[in-house]
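Here the structure is laid out as structure tokens; the discussion comes afterwards.
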Amino acid sequence: MTILINDEAVDFKLENEKTVGEAISGIEEWLTGIGNHISGLQIDGIPVRLDEIEEVCTRELSGVESIGIQAHSFADFAIDSISYADAVITAVAEASFSEQSLAYKAFKENVAYRFLKENIPDIAEMVSNTLDGTGLSLKDTSALLKERAHEFAFPQEEIKAQTEAVPEIVSRLENLPLDMQTGKDIRAMETVRLFSTMTEKLFRIFSIMSQKEYNISVVRTIDFGGEVPIERFINEFSAVLQETLNAYKSGDAVLCGDLAEYEIAPRLSAFFSALIKQTNNV
């Protein structure tokens, strides 16, 4: 039996696999180990649809002459899947009601949706909610999808683009207690939204840049009262972030202000400095 990866025959040795599913599992494990993911499947030269995979996987290998696999790196697969989702959103914006239903169904049946649901579930959920009318507007969803695709395509650029925004947010955090005490509720609410959104974005980009395919020297520690291991720093940062948001939602202005000024602001500054360092170590 011939095994093809992106139309190239490969010397992949099958051992005791008896079904197509068992063979694909072995190939997928090997591809994942070298940073790739399966994006398409052909059996004996015939493309397999998403809704056919379960049935095809039960077939005996003895009756199969070739397995063709389309594989992409995680980043490429992510960019392609997000771009496909954005194309669906754009098409829906110009479609009739009946066509919108068909577009939603096609999206759910596409391999891009499966990839997003398994690997970037917040995007899959955001697009699904928009398409069924319970989420963001089509325009806002499209803008967010373009931003997320750009994070995968150019993570270093995304970090450098925040050079002015992060110090401004840090300054607003330091002034948040005063804003809350003097009745500047709208400004305080905007500050909370900004630091929450920015922190989530920086966490995402750090995770992206840490993947092997980007070939970036990963920052292992953060200078925060001594060298703190990055995993511990992020876990503690996430915990403080959630505590701050909870304090804000419950109306505890004193706790929220103190956490923002003395915990979130210095952590955000330290984390961003480390990301800039990591970005420069290409």
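Just so we're aligned: 257 in the numbering used here is position 252 of the sequence shown, and the numbers increase by one with no gaps anywhere.
Note that CB positions come from ideal geometry on N, CA and C, so glycine has one too.
Going by C-alpha positions, Met203 is about 22 Å away from Thr135. Contact annotation: Val61 and Gly31 have beta-carbon atoms that are not nearer than 9 Å. Ile39 is not a Cβ neighbour of Gly73, given a cutoff of 9 Å. Looking at Pro52, Glu33 and Phe238, the one whose alpha-carbon comes closest to that of Ile43 is Glu33.
With 16 or more other CB atoms across the displayed protein chains lying within 10 angstroms of its CB, Leu264 is buried. For Ser44, the three-state secondary structure derived from DSSP is strand. The C-alpha of Leu55 is placed about 36 Å away from the C-alpha of Glu236. When the five nearest sequence neighbours on each side are left out, the beta carbons in the same chain lying within less than 7 Å of the beta carbon of Ala129 are those of Tyr118, Leu121 and Lys122, in order along the chain. Of Asp16, Gly50 and Ala148, the smallest CA-CA separation from Ser71 is found for Gly50. If you draw a straight line from the Cα of Ala154 to the Cα of Lys282, it is about 23 Å long. Between the alpha carbons of Lys217 and Leu19 lies a gap of roughly 27 Å. Annotation: the stretch 194 to 242 contains the following complete segments of the beta strand (DSSP E) (minimum length 3 residues), in chain order: 226 to 228 and 232 to 234. Taking C-alpha positions only, Tyr89 is separated from Met185 by approximately 43 Å.
If you look at Gly73, you'll find it isn't in any alpha helix (DSSP H); it sits in the beta strand (DSSP E) that goes Ser71 to Ser78. Counting along the chain, Leu260 sits inside no beta strand (DSSP E); it lies in the alpha helix (DSSP H) bounded by residues Ala258 to Leu264.
The beta carbon of Gly45 sits closer than 6 Å to the beta carbons of Gln75 from its chain, once the five residues preceding and following it are set aside; these are given in chain order. Ala98 and Phe112 have their C-alpha atoms roughly 14 Å apart. Within the same chain, and ignoring the five residues on either side of Ser78 in sequence, the residues whose Cβ sits closer than 7 Å to its Cβ are Gly40, Asn41 and Glu218. Taking every protein chain shown into account, the CB of Ser86 has 16 or more other CB atoms within 10 angstroms, so this residue is buried. With a contact defined as Cβ atoms closer than 8 Å, Ile269 and Leu246 qualify at about 7 Å. Taking one beta carbon from each stretch, the stretch 151 to 170 and the stretch 249 to 257 have fewer than 3 pairs nearer than 8 Å; the two do not touch. Exclusion of the five residues before and after Arg272 leaves Phe242 as the residues of its chain whose Cβ lies within less than 6 Å of its Cβ.
Residue pairing from DSSP leaves Glu60 without any beta-bridge partner. In the DSSP assignment, Leu9 falls within the unbroken beta strand (DSSP E) covering Thr7 to Ile10. The Cβ atoms of Leu149 and Gly262 lie no closer than 9 Å to each other. Listed in chain order, the non-local C-beta contacts of Val15 below 6 Å within the same chain comprise Ile8, local neighbours out to five positions each way being set aside. Check the Cα spacing between Ser176 and each of Glu22, Lys144, Tyr267 and Ala80: the tightest is with Tyr267. Classified as exposed, Ile191 has fewer than 16 neighbouring CB atoms from the shown chains inside 10 Å of its CB. Beta-bridge annotation (DSSP): Pro52 is paired with Gln47.
The Cβ neighbour count for Phe102, taken over all protein chains shown within 10 Å, is under 16; the residue is labelled exposed.
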